[in-house]
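All remarks here apply to the structure that follows.
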Amino acid sequence: MFDLDRWREIFQSINKNRLRSVMSGFTVAFAILLFTLLFGIVSGLSNSFKDAFTDDAMNTMRLRVWKTSKPYKGLQTGRRIQLKNEDLSFIKKTYEDEIQHFTARIYKNVNISYKNKQDNYSLRAVHPDHQFLEKTIIDEGRYINELDLKNKSKVLVIGRLVKEDVFGNKPALGKRVNVSGISYKVIGIFSDDGGDNEERIVYMPVTTAQMIYGNNDYLDQIIVGYDPKLSLDEAIAFGNKIERDMRKKLDIHPDDQSALSIRNMAEANKGVGLFMLALYFIVIFVGSGTLIAGIIGISNIMIFVIKERTKEFGIRKALGAQPSSIIGMVVQESVLITTIAGYAGLSLGTYILSTIGDGLEDYFIKDPNVSTGIVVGATIVLIVSGLIAGYVPAKRAARIKPIVALRAD
Amino acid sequence: MIQIKNLHKSYPIGKDSLHVLKGIDLHIKEGEFVSIMGSSGSGKSTLLNIVGLLDGHDEGDYYLNGQLIENLDEKKAAILRNKFLGFVFQSFNLISYKTALENVALPLYYKGMNRKERLKIAMEYLDKVELKDWANHLPSELSGGQKQRVAIARALVTNPKVVLADEPTGALDSTTSDSVMDLLKGINNEGMTVFVITHEEEIAEQTDRIVRLKDGVIISDEVTLKKAKAV
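Chains A and B are the protein sequences, given in the same order. When you read off a place in the first sequence, starting at 1, and then add 502, the result is the number in this note's numbering. When you read off a place in the second sequence, starting at 1, and then add 914, the result is the number in this note's numbering.
Here's what the structure looks like:
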């Protein structure tokens, strides 16, 4: 029902009373502005948190072992647990359906030298799947492959910063470097979003490291990437299941936390999720509080306006205006002011957020923004707010008796 | 046109009530030019409010255009006012932020007429009160006499059955008073029922029939000399 005449009446009345229309709109605009900024900042925080966890693939869990702290099945405390190739094969075989990627890790500190330059770096001996689990980006050459594993090839994939240190601007691919006295060929150069430390690393095939360092089948860590279709709760349950099975296999007491642990990204994600949810609740609480104050403000000003316009409403009624027409006029005016003011606040807020952009990244606020859903929701809230703010004053206006109004000279 | 029988009206004042109208009987026929005279407190404004459907009555019968007025809610009263009555007030009561033309057109808006048509009709009535050239002026740009002429045009625009004028010249000097009264006489001559409330003898004398009210009762009801001469 679009009544052009009604709109004309309203615009005329707003235009006539510009100051008070602006004043009453201001509170709502301010409330929405505050809400938008708060919401944007929290979404920025949320983005930072998400980023902090995206260095590695989200759907991973890491199995690590140390010494036992509890006796179990006649075995003594202080027994050193060692992961071996067979443990990896066991996991691989048992959970074939749930697991997408798997890799072992062996950590070493090595001295790398090339011509007259040399320095110490961290070495990780890994399986080919490690590339996906760590989200390693290959800049040049290739990553470790199955053939390297099989041949126990003496090959290295070096980090961007290692390449810079050792080779400077000169090409590194295909060159031979010396690692603890043995010559390796550089087959790839990688970068990583996880920061500089992640780029000061060198990778070699896990089989090569086992042969060179002790000629055994030891592993330091097992990392698996599970099916990303698993929900957070399913992933947590899956992690617990692997942990139980491995404790059984390695004869570790079920409660011995210091002997074996699984760091499941799903659990961390769930924690962050809950934390962000709490933050959003706070924002909604504060935001709606401010908005309610805004609504009351508008309502107050409208009541004052009704008083000011008592005579006008009296005249209108004497000329044949029905109560419903007066109510409609006041409510519609209130909705109009609320919506326009609210949108002004919303636009200003989104503009400020987009201006901030990544400017506050140092404060853990990254790319703050409000989603379309929020904008649509805010529109509905604004219209409803306008209705509420306008209704009480409108009722009051409709009750004005023409004789009283006309006498008020 | 207007028939009132034994009309009573009281206003509560604290615990007591003030009996303002104490049994009024009045019959105004179509085309009459009647004035109600009385000092302040005589009950004449109350009578106008009841006749104008701006207030209800306690006792007695009121027929407007043959229709018994009772149990009116605000909505019905608004519709009847819009349809049958035109008001002219002492203080003009024009809406300050609307032009003369828009003020005249306002009752037609509440009648549900479209804008083009109502502005056309409003312009005809402004022309009738010789203010066509002032159509787009705000009330603040008009003189008192001009404002009252706009108000009369507004009262006439719906082509009502009765024009109710409450002290129409109360805020005007004698020259402009005369021109406003001439205008009311003019519309009466065209057949409109005009009902004037005043406390000024000179104004009342220009009407055809004077009803004098004192303390809530009618003390006299006579045809004026002017009318008598004409007959």
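Every residue gets a Cβ at the ideal spot worked out from N, C-alpha and C, and that includes glycine.
Should residue i go down as buried or exposed, given a rule of 16 or more other Cβ atoms within 10 Å for buried?
| i | result |
| --- | --- |
| Thr857/A | exposed |
| Ser801/A | buried |
| His971/B | buried |
| Ser1134/B | exposed |
| Thr579/A | exposed |
| Lys958/B | buried |
| Gln759/A | exposed |
| Trp568/A | exposed |
| Leu506/A | exposed |
| Met804/A | buried |
| Thr605/A | buried |
| Tyr686/A | buried |
| Tyr853/A | exposed |
| Lys917/A | Any answer about residue 917/A is impossible in this case: the structure gives chain A only from 503 up to 911. |
| Met503/A | Low confidence applies here, because Met503/A scores a pLDDT of 44, under 50, leaving its location unreliable and the question unanswered by this model. |
| Ile828/A | buried |
| Asn699/A | exposed |
What separation, rounded to the nearest whole angstrom, lies between the Cα atoms of residue i and residue j?
| i | j | result |
| --- | --- | --- |
| Leu1020/B | Ala820/A | 11 Å |
| Glu636/A | Thr881/A | 43 Å |
| Asp650/A | Gly676/A | 15 Å |
| Arg843/A | Met831/A | Position check: residue 843/A holds Ala in this sequence, whereas Arg was assumed. Approximately 18 Å between the Cα atoms of the pair. |
| Asn718/A | Glu598/A | 26 Å |
| Leu968/B | Glu984/B | 13 Å |
| Asn517/A | Ser545/A | 38 Å |
| Asn647/A | Ile660/A | 15 Å |
| Ala531/A | Ser733/A | 40 Å |
| Glu736/A | Val726/A | 15 Å |
| Gly773/A | Ala711/A | 36 Å |
| Leu625/A | Glu701/A | 11 Å |
| Ile534/A | Gly851/A | 8 Å |
| Glu745/A | Glu600/A | 15 Å |
| Thr538/A | Ala992/B | 45 Å |
| Pro926/B | Lys936/B | 15 Å |
| Ile914/A | Leu962/B | Residue 914/A cannot be examined here, being either before or after the span of chain A that is shown, 503 to 911. |
| Lys1099/B | Glu946/B | 10 Å |
| Ser1054/B | Ala891/A | 32 Å |
| Glu1031/B | Lys1046/B | 16 Å |
| Leu848/A | Ile512/A | 23 Å |
| Gln1062/B | Ala1049/B | 14 Å |
| Leu1127/B | Glu1044/B | 35 Å |
| Ala674/A | Lys610/A | 22 Å |
| Asp667/A | Tyr865/A | 31 Å |
| Leu855/A | Ser548/A | 15 Å |
| Asn1028/B | Val1064/B | 21 Å |
| Lys990/B | Lys897/A | 18 Å |
| Lys1034/B | Gly796/A | 43 Å |
Restricting to Cα atoms, I'd like to know which of the options is closest to residue i.
| i | options | result |
| --- | --- | --- |
| Leu908/A | Leu1078/B, His933/B, Ser1005/B, Arg1123/B | Ser1005/B |
| Lys751/A | Arg520/A, Ser523/A, Ser591/A, Phe513/A | Ser591/A |
| Ser1010/B | Ile817/A, Ile854/A, Ile876/A, Ala761/A | Ile817/A |
| Tyr623/A | Glu642/A, Asn653/A, Ser682/A, Ala674/A | Ser682/A |
| Arg811/A | Lys903/A, Ala795/A, Ile786/A | Lys903/A |
| Leu1078/B | Ile964/B, Gln917/B, Gly937/B, Gly1000/B | Gly1000/B |
| Ile784/A | Arg702/A, Ile543/A, Val886/A | Ile543/A |
| Ala1014/B | Tyr1039/B, Asn1103/B, Asn979/B, Leu932/B | Tyr1039/B |
| Thr638/A | Gly697/A, Ser615/A, Gly670/A, Asn613/A | Gly697/A |
| Tyr976/B | Val1131/B, Gln917/B, Ala1036/B, Ala1069/B | Gln917/B |
| Pro825/A | Asp589/A, Pro895/A, Gly799/A | Pro895/A |
| Leu1008/B | Leu1052/B, Ala1036/B, Asp1080/B, Tyr1023/B | Leu1052/B |
| Asp1041/B | Val1110/B, Leu1097/B, Glu1115/B, Gly1105/B | Leu1097/B |
| Asp641/A | Ala899/A, Pro630/A, Ile689/A, His603/A | Ile689/A |
| Thr1090/B | Thr1072/B, His1113/B, Gly1058/B | Gly1058/B |
Hey, is residue i's beta-carbon within less than 9 Å of any beta-carbon in chain D?
| i | result |
| --- | --- |
| Thr1090/B | This model lacks chain D altogether; the protein chains it does include are A and B. |
For the ligand PLP, is there a heavy atom less than 8 Å away from the beta-carbon of residue i?
| i | result |
| --- | --- |
| Leu1056/B | No copy of the ligand PLP appears in this structure; indeed no ligand is present at all. |
Residues of the region 964-989 of chain B with Cβ closer than 8 Å to any Cβ of chain A, in chain order: Gly966, Leu968, Asp969, Glu988, Lys989
The region 798-825 of chain A: positions lying closer than 9 Å to chain B by Cβ: Lys813, Glu814, Gly816, Ile817, Arg818, Lys819, Ala820, Leu821, Gly822, Ala823, Gln824, Pro825
May I ask you to list, following chain order, the residues of the region 1045-1065 of chain B that have a beta carbon less than 8 Å from some beta carbon of chain A? none
Could you run through the region 827-841 of chain A and flag, in chain order, every residue whose CB is less than 9 Å away from some CB of chain B? Ser827
Taking only beta carbons into account, state which residues of the region 884-906 of chain A come closer than 7 Å to chain B, listed in chain order. Pro904, Ile905
Residue ranges of each beta strand (DSSP E) within the region 1113-1145 of chain B, 3 or longer: 1123-1128, 1131-1137
Under 9 Å, CB to CB, which of the residues in the region 514-527 of chain A have a partner in chain B? Gln514, Ser515, Asn517, Lys518, Asn519
Against chain A, which members of the region 945-960 of chain B pass a CB distance test of less than 7 Å? none
Every unbroken alpha helix (DSSP H) within the region 959-1012 of chain B, with a cutoff of 4 residues, ordered by chain: 988-998
Could you name each continuous beta strand (DSSP E) segment of 3 residues or more that falls completely within the region 580-642 of chain A, going from the start of the chain to the end? 601-616, 619-628
Give, in chain order, every residue of the region 1107-1125 of chain B whose Cβ lies closer than 8 Å to some Cβ of chain A. none
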